[in-house]
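Per the working numbering, the sequence shown starts with residue 0, numbered consecutively.
Where a beta carbon is used, it is the ideal one built from N, C-alpha and C, also for glycine.
None of the values given here were measured: they were computed from a predicted structure.
Here the structure comes first, spelled out in structure tokens, and everything after it is commentary.
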Amino acid sequence: MSRRILKNGLLAAVAVFAFLPTAGAATASAATPVPAPQGIVQFNNYTTLPAPAAHRLHHRHYAYRTVGRVTTHRVRLNVRSGPGTRYRVVSHRRNHRLVALTCKTYGGSVRGNHTWYRLPHHKGYVSARYVRVGHAVPWC
0 MSRRILKNGL LAAVAVFAFL PTAGAATASA ATPVPAPQGI VQFNNYTTLP
50 APAAHRLHHR HYAYRTVGRV TTHRVRLNVR SGPGTRYRVV SHRRNHRLVA
100 LTCKTYGGSV RGNHTWYRLP HHKGYVSARY VRVGHAVPWC
């Protein structure tokens with residue numbers, strides 16, 4: 000095993016010396032600048048671009064565009080303060096009305112459905128059992 004370590008270490012040392020220039024050659028070329036020809040103008044005022052992180056786009060979920068339709072039959076849909084039937088009712092939505100939705104979360108069961116939709120601007124939660132959506136709603 001020590002023979003293998005010695006062989007691999009020797010190969011690594013040879014590879015390092017093969018890729019690195021010698022110290023004398025590097026200092027000689029860096030110390031003597033090459034003058035520009037007479038007809039060419041040098042331009043050394045390079046502008047640096049900002050870091051790539053400054054141009055990174057932040058993908059925000061504009062969930063306010065997600066809309067659902069209330070599908071209760073002849074009754075109003077309760078808007079609750081939390082995702083469950085044990086939370087208090089804070090308002091109502093009429094049948095066949097459009098409702099803006101922010102996200103969905105797991106909560107109390109309503110006829111076997113544990114999904115609840117959060118309304119924008121902290122207006123409350125509605126049960127997904129009585130709201131039909133056309134697009135997928137992101138999780139909270």
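Local conformation of residue i per DSSP, three classes
i: Tyr-129; result: helix
i: His-72; result: coil
i: Arg-117; result: strand
i: Arg-92; result: strand
i: Arg-79; result: strand
i: Tyr-63; result: Only weak support is given to the placement of Tyr-63: the predicted model assigns it a pLDDT of 49, under 50, and the value that follows is read from those uncertain coordinates. The answer is helix: DSSP assigns Tyr-63 an H, G or I state.
i: Gly-111; result: coil
i: Val-136; result: coil
i: Tyr-86; result: coil
Option in the options with minimal Cα separation from residue i
i: Val-88; options: Arg-96, Val-132, Gly-111 and Arg-75; result: Arg-75
i: His-120; options: Pro-82, Asn-77, Ala-99 and Val-66; result: Ala-99
i: Arg-117; options: Val-109, Arg-110, Cys-102 and Arg-131; result: Cys-102
i: Ser-108; options: His-91, Leu-97, Ser-126 and Arg-96; result: Ser-126
i: Val-161; options: Arg-131, Gly-106 and Lys-122; result: Limits of the chain in this structure are 0 at one end and 139 at the other, which puts residue 161 out of reach.
i: Arg-96; options: Asn-112, Thr-114, Asn-77 and Pro-137; result: Asn-77
i: Arg-124; options: Gly-133, Thr-84, Pro-137 and Arg-68; result: A small correction: the amino acid at residue 124 is Tyr; Arg does not occupy that position in the sequence shown. Ranking Gly-133, Thr-84, Pro-137 and Arg-68 by Cα distance to Tyr-124 puts Thr-84 first.
i: Pro-82; options: Arg-68, Arg-64, Thr-104 and His-91; result: Thr-104
i: Val-69; options: Arg-92, Tyr-86 and Ser-80; result: Arg-92
Cβ shell of residue i (< 7 Å), same chain only, five flanking positions each side left out
i: Thr-71; result: Asn-94 and Tyr-129
i: Ser-80; result: Tyr-86, Arg-87, Val-89 and Gly-123
i: Arg-64; result: none
Heavy atom of the ligand SAH within 7 Å of residue i beta-carbon
i: Val-89; result: As far as ligands go, the structure on display features none, and thus does not contain the ligand SAH.
Sequence-distant residues of its chain with Cβ nearer than 8 Å to residue i (five each side left out)
i: Asn-112; result: Ser-126, Ala-127 and Arg-128
i: Lys-122; result: Val-78, Val-89 and Ser-90
i: Cys-139; result: Thr-101, Cys-102, Lys-103, Thr-104 and Arg-117
i: Arg-110; result: Arg-128
i: Arg-73; result: Asn-94
Spatial neighbours of residue i in its chain, beta-carbon cut-off 6 Å, leaving aside the 5 residues before and after
i: Thr-114; result: Lys-103 and Ala-127
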